[in-house]
């Protein structure tokens, strides 16, 4: 059951990088 809580964290982190990545580079 560790993977069930681990996978959403990876997906959320990946989405956060996609959204925040270009924004931080522009700063």
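Numbering (the working numbering), first residue to last: 33 to 59. All C-beta atoms in this analysis are idealised placements derived from N, C-alpha and C, irrespective of residue type, glycine included.
Through-space distance from residue j to residue i, alpha-carbon basis
i	j	result
residue 37	residue 45	13 angstroms
residue 49	residue 35	21 angstroms
residue 33	residue 39	10 angstroms
residue 42	residue 57	22 angstroms
residue 59	residue 51	14 angstroms
residue 47	residue 54	12 angstroms
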